[in-house]
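Colleague: Could you have a look at this structure, given as structure tokens, before my questions?
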Amino acid sequence: MRSLFHLAYHVTDLDAARAFYGGVLGCREGRSTATWVDFDFFGHQLSLHLGTPFTTTDTGRVGDHWVPMPHLGVVLELPDWQALARRLEAAGVEFVLPPQVRFAGQPGEQWTMFFRDPSGNPIEVKGFRSLDAVYAT
Numbered sequence: 011m012r013s014l015f016h017l018a019y020h021v022t023d024l025d026a027a028r029a030f031y032g033g034v035l036g037c038r039e040g041r042s043t044a045t046w047v048d049f050d051f052f053g054h055q056l057s058l059h060l061g062t063p064f065t066t067t068d069t070g071r072v073g074d075h076w077v078p079m080p081h082l083g084v085v086l087e088l089p090d091w092q093a094l095a096r097r098l099e100a101a102g103v104e105f106v107l108p109p110q111v112r113f114a115g116q117p118g119e120q121w122t123m124f125f126r127d128p129s130g131n132p133i134e135v136k137g138f139r140s141l142d143a144v145y146a147t
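Per the working numbering, residue 11 is the first one in the sequence shown, and the count goes up by one each step.
This is the structure in structure tokens:
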């Protein structure tokens with residue numbers, strides 16, 4: 011079975027969303043109307059609709075840090091994660107949790123970073139040397 015994940019949520023400004031998701035993150039834009047726009051979010055469908063973004067609280071523990079919950083994210087292979095981290099840093103994106111490695115040398119070793127889109131929606135991007143290691147224990 012082949013499937014894609016679909017997620018729809020609110021943003022406050024479609025032009026700012028286009029600049030961030032399309033320009034900074036490099037996501038390809040799909041269909042749109044005056045009130046929503048779709049993006050290919052690293053192989054998955056993300057639909058951004060005008061409205062009030064969901065409420066988040068910093069209640070997710072990542073190591074010694076608290077991160078926004080709920081949040082969305084994607085898992086990339088490490089070279090793609092590193093390229094995205096460089097692109098975000100070059101664009102001056104403010105990180106909730108800057109790019110870093112977790113569980114170094116252990117099963118599930120991963121790189122992670124948290125940031126927010128222009129509407130405040132939290133995003134986590136993880137990087138793995140191999141996607142086969144995502145569920146390693």
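Backbone N, C-alpha and C define an ideal beta-carbon position, used for all residues, glycine too.
Just so we're clear, the structure is a prediction, and the values are computed from it rather than from any experiment.
(1) Which class does F49 belong to by DSSP, given the choice of helix, strand or coil?
(2) Determine the contact status of D23 and S140, defining contact as a CB-CB distance below 8 angstroms.
(3) Is it a yes or a no for the stretch 82-91 touching the stretch 132-139, going by three-plus beta-carbon pairs under 8 angstroms?
(4) If we call anything under 8 angstroms between Cβ atoms a contact, is F49 one with G40?
(5) Does the stretch 86-106 come close enough to the stretch 55-62 that 3 or more CB-CB pairs lie under 8 angstroms?
(6) On a Cα-Cα basis, can you pick out the residue from D127, G115, R38, W121 that is closest to E104?
(7) List the endpoints of the continuous beta strand (DSSP E) containing Q55.
(8) Helix, strand or coil for L88 per DSSP?
(9) Can you find the residues in the same chain that come closer than 7 angstroms, C-beta to C-beta, to A4, ignoring five residues on each side of it along the sequence?
(10) Considering Cα atoms alone, identify which of P78, P132, W121 is closest to V144.
(11) What separation, rounded to the nearest whole angstrom, lies between the Cα atoms of L60 and G115?
(12) Can you look up Y19 in the DSSP assignment and give me helix, strand or coil?
(13) Based on Cα-Cα distance, which residue from M11, L17, M123, Y31 lies nearest to V72?
(14) Just confirm the distance between the C-beta atoms of P80 and D68, as a whole number of angstroms; I'd bet it's less than 8 angstroms.
Modeller: Concretely, from the data shown:
(1) strand
(2) Note that the C-beta distance between D23 and S140 is not below 8 angstroms.
(3) yes
(4) A distance below 8 angstroms separates the beta carbons of F49 and G40.
(5) no
(6) Looking from the CA of E104, the closest CA among D127, G115, R38, W121 belongs to D127.
(7) Note, Q55: beta strand (DSSP E), 54-60.
(8) helix
(9) The structure shown does not extend to residue 4, since the chain is modelled only from 11 to 147, so the question has no answer here.
(10) W121 is the residue among P78, P132, W121 whose C-alpha sits nearest the C-alpha of V144.
(11) 43 angstroms
(12) strand
(13) M123
(14) With a Cβ gap of about 12 angstroms, P80 and D68 do not count as contacting.
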